[in-house]
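Colleague: Below you'll find the structure I mean.
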Amino acid sequence: MQYSWLSLASIGIVLMGLSACGSNQPIHKSAALSTQPAIDANFPDPTVMYAPDGYFYAYGTNTVIDGKLIHIQVARSHDLYDWEILPDALPVPPDWAERDFWAPHVMYDSLQKTYFLYYSGESVDPAMGKCLGVATSKSPAGPFVDKGSPLLCGDAFIEIDPMAFDDPQSGKKYLYWGSGHQPIKVQELADDRLNFREGSQPVPVLDILQGGGPDNYQKLVEGAWVTYKDGFYYLFYSGDNCCGEHAHYALMVARSTDPLGPFETMAESTGVANNLIIERYKQWLAIGHNSIVKDKAAQEWVVYHGIDSLDRPKGRVMLIHPLEWEGGWPVINLDDNNKR
2 MQYSWLSLAS IGIVLMGLSA CGSNQPIHKS AALSTQPAID ANFPDPTVMY
52 APDGYFYAYG TNTVIDGKLI HIQVARSHDL YDWEILPDAL PVPPDWAERD
102 FWAPHVMYDS LQKTYFLYYS GESVDPAMGK CLGVATSKSP AGPFVDKGSP
152 LLCGDAFIEI DPMAFDDPQS GKKYLYWGSG HQPIKVQELA DDRLNFREGS
202 QPVPVLDILQ GGGPDNYQKL VEGAWVTYKD GFYYLFYSGD NCCGEHAHYA
252 LMVARSTDPL GPFETMAEST GVANNLIIER YKQWLAIGHN SIVKDKAAQE
302 WVVYHGIDSL DRPKGRVMLI HPLEWEGGWP VINLDDNNKR
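Written out as structure tokens, the structure reads:
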């Protein structure tokens with residue numbers, strides 16, 4: 002079903018746009034994308050990818066729609082502006098996880114002609130804690146089927162927020178993940194993408210920062226997103242507290258000449274006061290957990306979630322902004338009337 006500036010009380014979803022979803026033209030509504038939610042409903046931890054079928058697909062953390070639990074949300078669009086909500090991408094949860102499926106990342110392997118969904122899940126065994134899972138599908142919309150066992154489990158919420166990355170320089174396949182007041186880590190994946198490569202070990206690439214008062218968003222680091230540009234691997238990450246009454250969250254960046262790090266933060270490299278590239282603005286709070294996607298005109302966009310301070314019960318909505326580069330670092334230029 003297509004939605005366009007229509008409030009659907011039964012499912013609590015508002016989506017932007019008029020019916021241009023069938024268009025193959027590049028984005029032509031950037032002003033609206035910069036000032037309004039792309040999906041004005043609870044759609045946390047958004048990952049957006051462009052699939053061979055000509056659609057952009059957005060994946061989000063679990064939610065409840067019309068009284069029904071959706072394990073992994075998925076929507077699609079021709080232009081990043083008009084979005085069509087699709088059925089649950091993971092309709093049958095794995096036996097190893099009992100509830101809470103979040104922070105999905107989907108990538109396409111053209112050789113295997115298969116889509117891989119990496120996600121976080123709560124184990125049925127309290128001793129296993131929270132885990133990283135992986136599922137596959139022949140369609141970007143799913144349904145995805147879990148491989149049958151978690152990739153990795155651990156105490157508290159350390160082993161969460163996976164992001165798969167293929168190094169364009171070496172061809173190696175990597176998985177980044179982490180949170181729980183521990184460093185963000187990376188480990189090489191096997192060729193099947195369903196397991197870690199035999200003999201590989203997790204490598205910490207970015208640590209937390211202690212102290213610093215309310216301006217320190219790096220007391221916890223999570224939501225890794227890695228991209229390669231002009232000889233550098235850029236690690237986008239979020240911290241420090243995504244949710245709740247005292248949410249304090251923002252998007253930061255570091256870079257390295259090696260996908261295994263170490264990553265140097267923007268503050269360490271340039272001497273600026275902090276590593277932030279976007280934080281609270283206008284009514285939007287708790288900005289973070291991003292992905293990056295190019296539109297059909299090769300313009301890069303950063304997609305992230307935020308809390309509408311004027312309507313907190315709505316949850317974390319999906320926002321999108323153009324991404325620019327200045328002096329070797331990413332820049333998000335908010336509209337003047339959109340700033341605090």
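In this note's numbering, the protein residues as written are 2 to 341. Backbone N, C-alpha and C define an ideal beta-carbon position, used for all residues, glycine too. No experiment lies behind these values; they were computed from the predicted model shown.
1. From R198 to S171, what distance separates their C-alpha atoms?
2. With DSSP as the reference, label L324 as helix, strand or coil.
3. So F237 and V254 are in contact, right, with Cβ under 8 Å, and what is the actual spacing, rounded?
4. Could you give the C-beta distance for P92 and F102, rounded to a whole number, given that I count them as a contact under 8 Å?
5. What runs of the alpha helix (DSSP H), each 4 residues or longer, lie entirely inside the region 172-218?
6. Roughly how many angstroms lie between the CA atoms of K131 and D162, to the nearest whole one?
7. How big is the Cα-Cα spacing for A76 and A251?
8. What residues in its chain sit with their C-beta under 6 Å from that of M108, if we drop five residues either side in the sequence?
9. Could you give the distance in angstroms between the alpha-carbon of K315 and the alpha-carbon of G200?
10. Taking 9 Å as the cut-off, decide whether the C-beta atoms of H290 and A104 are in contact.
11. What is the rounded straight-line gap between the Cα of D351 and the Cα of M267?
12. DSSP on E301, reduced to helix/strand/coil?
13. Going by beta-carbon coordinates alone, are P144 and S150 separated by less than 9 Å?
14. L133: buried (16+ other C-beta within 10 angstroms of its C-beta) or exposed?
15. Taking the straight line between their C-alpha atoms, what separation do you get for K148 and G328?
16. Alpha carbon to alpha carbon, how far is L81 from D54?
17. Pick from I73, L153, H72, D193: whose alpha carbon is nearest that of L112?
18. Within 10 angstroms of its Cβ, does G214 collect 16 or more other Cβ (buried), or is it exposed?
19. With burial defined as no fewer than 16 other Cβ atoms inside 10 Å of the residue's Cβ, what is the status of S180: buried or exposed?
20. What is the rounded straight-line gap between the Cα of A42 and the Cα of V49?
Modeller: This is what the structure gives:
1. Locating residue 198 in the sequence shown gives position 197, counting from the first residue. Locating residue 171 in the sequence shown gives position 170, counting from the first residue. Roughly 15 Å separates the two Cα atoms.
2. What you label residue 324 is simply residue 323 of the sequence shown in a count that begins at 1. L324 falls in the coil class under three-state DSSP.
3. Working through the sequence shown from its first residue, we reach residue 237 at position 236. Working through the sequence shown from its first residue, we reach residue 254 at position 253. With a Cβ gap of about 5 Å, F237 and V254 count as contacting.
4. Locating residue 92 in the sequence shown gives position 91, counting from the first residue. Locating residue 102 in the sequence shown gives position 101, counting from the first residue. Incorrect: roughly 11 Å between the Cβ atoms, too far for contact.
5. none
6. Within the sequence shown, numbered from 1, the residue matching residue 131 stands at position 130. Within the sequence shown, numbered from 1, the residue matching residue 162 stands at position 161. Distance between the alpha carbons of K131 and D162 is about 10 Å.
7. For the purposes of this step, residue 76 is taken as residue 75 along the sequence shown, with counting starting at 1. For the purposes of this step, residue 251 is taken as residue 250 along the sequence shown, with counting starting at 1. Those two C-alpha atoms are separated by around 24 Å.
8. Position 107 of the sequence shown holds residue 108. Taken in chain order, the residues that qualify are F117, A165.
9. What you label residue 315 is simply residue 314 of the sequence shown in a count that begins at 1. What you label residue 200 is simply residue 199 of the sequence shown in a count that begins at 1. Taking the straight line joining both Cα atoms gives about 45 Å.
10. Translated into the one-based positions of the sequence shown, residue 290 becomes position 289. Translated into the one-based positions of the sequence shown, residue 104 becomes position 103. Yes.
11. Since the first residue shown for the chain is 2 and the last is 341, residue 351 is missing from the structure and cannot be characterised.
12. Along the sequence shown, read from residue 1 onward, the residue named residue 301 stands at position 300. Correct three-state label for E301: strand.
13. For the purposes of this step, residue 144 is taken as the residue at position 143 of the sequence shown. For the purposes of this step, residue 150 is taken as the residue at position 149 of the sequence shown. No.
14. Along the sequence shown, read from residue 1 onward, the residue named residue 133 stands at position 132. By the neighbour-count rule (16 or more Cβ atoms within 10 Å), L133 is buried.
15. One-based indexing of the sequence shown puts residue 148 at position 147. One-based indexing of the sequence shown puts residue 328 at position 327. One C-alpha to the other measures close to 43 Å.
16. Here residue 81 refers to the residue found at position 80 of the sequence shown. Here residue 54 refers to the residue found at position 53 of the sequence shown. Rounded to the nearest angstrom, the two C-alpha atoms are 15 Å apart.
17. Locating residue 112 in the sequence shown gives position 111, where the first residue counts as 1. When only C-alpha atoms are compared, the closest one is D193.
18. Taking the first residue of the sequence shown as 1, we reach residue 214 at position 213. It is exposed - the Cβ of G214 has fewer than 16 other Cβ atoms within 10 Å.
19. Taking the sequence shown and counting its residues from 1, one reaches residue 180 at position 179. Classification of S180: buried, given that the 10 Å Cβ count is 16 or more.
20. As a working note, residue 42 is residue 41 in the sequence shown. As a working note, residue 49 is residue 48 in the sequence shown. When rounded, the distance between both Cα atoms is 16 Å.
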